[in-house]
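Residue numbers (my numbering): 1 to 584.
What follows is a short report on a single structure.
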Ligand SMILES: [Zn+2]
Ligand SMILES: [Zn+2]
């Protein structure tokens, strides 16, 4: 054994550079590269939760000033739900930031800079901005699958709202084969994307849990029959695959992709023995030549129908090279048919179905103006298409009744407006509409030209009245002598002095000044006349050898008055007496 010193390795004192810092937490997005990738609005809600602030606070106080965003979302306090439910500004904003436009790009760039992440664009549809039009792309309301929320809760995964739930053509959860919910089971209201209480999985108003175990949740619906499931299932799957594919693309597909693929698949279809006319793209006349030339983008629902009938996925249509030629001897498959009513939101059974029919029958039995189908659906917290699916006869009846009633109301409105055009003096539009109990906006909507004429006539008449009034006031100012008071002129014209002053401030000022000057002149004149009279009486008294005292002069005045109190008269009299040689 030796006691030789132990040699330890030397430490390098070089300091490692700290990783770059970000202003907000670099929260990892959920599900990138999977069909269930979360939406950017869901990410924003989670980001706010991670910072222990409400999402409105995060947006208004942090993101808006830093990103220079144009429109702040309106913060809805949970106690006062906005009119129109979740279709407020915040829902519109959520559609914009999850979408594929300029606003989505601004939010993604800004949030990536603040969080230090580089993958937030996959939480939006920005990858597909050149090939998908925005029309009908997003659902008007927030929808969710209660079973998915319940799964997230039981597995301990963070709650999130997948981007695929926001897409309008998707109506069911692919995994659980059940329709989405769009109204909170507790407060029966649609959700708001950004509110003081919004967080994924909970009601944005009262914080109720939206998962399958929520109190008062609807009983689990029967899985739809295989045939009814085919189309909605395929739509959900193919759009999920689209979102899944986004991060793996080298670059976003360019705009000409749709035109090229459409032309190629059409040609392929013809070459395979199927005439292009067999591709059914809906009842309206399809402008396929515009799509083929790239002048128009295909709307999402038509794009899906096309892909379904071509038996390809949407990703394949938008990213894979189109087919070049048909193998000789290939036999085309008959086109699968797209079911027309394939999007019934759920299977209604028992009491709910009864309630649906009862409500429709009650609406039909109501006297007075017929209610709309939409109003009935809203009262039942259902979609209109659900009513159509379960009671088409009653719906047809209700719609027909309302159409007839609306047509009659339009006729009445037309007669009312026509009559108003012949009235003299011309009435204002508001009065005409009040008389007929018609909203002014509706009159403008149906008969803009008549409304314009009524408004023009009333405006002309008003202008004429104004000119007449102006001329009367001008006459009083410049011509009348003695100049009258403003009050007298107003009374003569049936107006108040204030209204004249408001409309003709200069003329009224002149009138008052002129009246004032006239009054002053009158006063001066009376004063001089009185002085002259005093002088004449004093001279007459002097000629009689009588002392012209104040009292004697006053007694002889034509209109007796107390001149002793007027210093000017006294001074004038004294001056005269001095001239005449009287002692004072
Ligand atoms: Zn689900
Ligand atoms: Zn609620």
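Think of the CB as a built atom: it goes at the ideal place given N, C-alpha and C, for glycine as much as any other residue.
State the start and end residues of the unbroken alpha helix (DSSP H) segment that holds residue i.
| i | result |
| --- | --- |
| residue 627 | Because the chain spans 1 through 584 in this model, residue 627 falls outside it and cannot be assessed. |
| residue 479 | First-last for residue 479: undefined, no H or E at that position. |
| residue 298 | Here residue 298 belongs to no alpha helix (DSSP H), and DSSP marks it neither H nor E. |
| residue 45 | 40 to 50 |
| residue 489 | 486 to 493 |
| residue 530 | 505 to 543 |
| residue 434 | 429 to 435 |
| residue 562 | That residue, residue 562, is in no alpha helix (DSSP H); it is neither H nor E in DSSP. |
| residue 600 | The structure shown does not extend to residue 600, since the chain is modelled only from 1 through 584, so no value can be given for it. |
| residue 148 | 146 to 155 |
| residue 400 | 392 to 422 |
| residue 109 | 102 to 115 |
| residue 314 | 314 to 319 |
| residue 136 | Careful: residue 136 lies outside any alpha helix (DSSP H) and carries neither H nor E. |
| residue 553 | 550 to 556 |
| residue 442 | 440 to 446 |
| residue 570 | 567 to 580 |
For residue i, which residues from the same chain have a beta carbon less than 7 Å from its beta carbon, with the 5 sequence-adjacent residues on both sides left out?
| i | result |
| --- | --- |
| residue 510 | 477 |
| residue 235 | 169, 170, 304 |
| residue 105 | 126 |
| residue 440 | 429, 430, 433 |
| residue 301 | 136, 169 |
| residue 203 | 184, 186, 187, 191, 210 |
| residue 176 | 145, 147, 148 |
| residue 259 | 291, 292, 293, 294 |
| residue 216 | Residue placement at residue 216 is flagged as unreliable, the pLDDT there being 46, under the threshold of 50; the coordinate-derived value follows with that caveat. Hits under 7 Å: 185, 186. |
| residue 322 | 260, 261, 264, 265 |
Please identify the residue among the options whose C-alpha is closest to the C-alpha of residue i.
| i | options | result |
| --- | --- | --- |
| residue 555 | 534, 572, 570 | 534 |
| residue 139 | 193, 360, 501 | 193 |
| residue 570 | 557, 583, 549, 582 | 549 |
| residue 564 | 178, 531, 536 | 531 |
| residue 209 | 174, 153, 263, 471 | 153 |
| residue 492 | 472, 483, 505 | 472 |
| residue 238 | 317, 183, 191, 290 | 317 |
| residue 566 | 6, 458, 527, 301 | 527 |
| residue 229 | 380, 212, 105, 174 | 174 |
| residue 123 | 578, 164, 205, 371 | 164 |
| residue 310 | 320, 266, 301 | 266 |
| residue 353 | 363, 380, 365 | 380 |
| residue 313 | 366, 241, 383 | 241 |
| residue 590 | 396, 382, 494 | A query on residue 590 cannot be resolved here, the shown segment of the chain reaching from 1 to 584 and no further. |
| residue 29 | 299, 21, 42, 17 | 42 |
| residue 100 | 252, 179, 512 | 252 |
| residue 31 | 5, 61, 67, 121 | 121 |
| residue 141 | 90, 21, 529, 64 | 90 |
Looking only at its chain, what residues have a beta carbon closer than 6 Å to the beta carbon of residue i, apart from the 5 residues adjacent to it on each side?
| i | result |
| --- | --- |
| residue 79 | Because the pLDDT at residue 79 is just 40, under 50, the model does not fix this residue reliably, and the value given afterwards should be weighed accordingly. Same-chain partners within the cutoff: there are none. |
| residue 344 | With a pLDDT of 41 at residue 344, under the threshold of 50, the modelled position of that residue is not reliable, and the figure given next carries that caveat. The answer, listed in chain order, is 389. |
| residue 284 | In this prediction, residue 284 has a pLDDT of 47, which is less than 50 and means its spatial position is unreliable; what the coordinates show is noted afterwards. Cβ within range, chain order: n/a, list empty. |
| residue 49 | 199 |
| residue 446 | 410 |
| residue 444 | 451 |
| residue 515 | 483, 485 |
| residue 371 | 363 |
| residue 544 | none |
| residue 218 | Residue confidence for residue 218 is low, a pLDDT of 49 falling below 50, so the modelled location carries little weight and cannot support an answer. |
Among residues of its own chain, excluding the 5 on either side of residue i, which ones have a beta-carbon nearer than 8 Å to its beta-carbon?
| i | result |
| --- | --- |
| residue 583 | none |
| residue 118 | 112 |
| residue 575 | none |
| residue 376 | 359, 360, 363, 387, 398 |
| residue 579 | none |
| residue 572 | 531, 534, 535 |
Task: Environment of ligand 1 in chain order, Cβ to heavy atom below 6 Å - done: That query returns the following residues: 145, 147, 148, 173, 175, 176.
Open item on the list: Under 8 Å: do the region 442 to 461 and the region 405 to 421 share three or more Cβ pairs, one atom per stretch?
Closed with: Verdict: yes, contact present.
TODO: Please determine if the region 35 to 53 and the region 232 to 247 are in contact, where contact requires at least 3 C-beta pairs separated by less than 8 Å.
DONE: Touching, yes, given that three or more Cβ pairs across the two stretches are closer than 8 Å.
Task: Three CB pairs or more closer than 8 Å across the region 102 to 113 and the region 153 to 162 - done: No: the two stretches stay apart, fewer than three of their Cβ pairs being nearer than 8 Å.
Task: Segment contact, 8 Å Cβ cut-off, at least three pairs: the region 430 to 441 with the region 384 to 402 - done: Taking a contact to require three or more Cβ pairs closer than 8 Å, the region 430 to 441 and the region 384 to 402 do not qualify as touching.
Open item on the list: Using a strict less-than 6 Å threshold between each residue's beta carbon and the heavy atoms of ligand 2, what residues do you get?
Closed with: After applying the 6 Å Cβ criterion, the set is 184, 186, 187, 189, 203, 205, 206, 208.
TODO: Determine contact between the region 128 to 139 and the region 10 to 20, defined as no fewer than three beta-carbon pairs at a distance below 8 Å.
DONE: Result no; under three Cβ-Cβ pairs closer than 8 Å.
Open item on the list: Between the region 167 to 185 and the region 49 to 58, can you find at least three pairs of beta-carbon atoms closer than 8 Å?
Closed with: Counting Cβ pairs under 8 Å, fewer than three are found: no touch.
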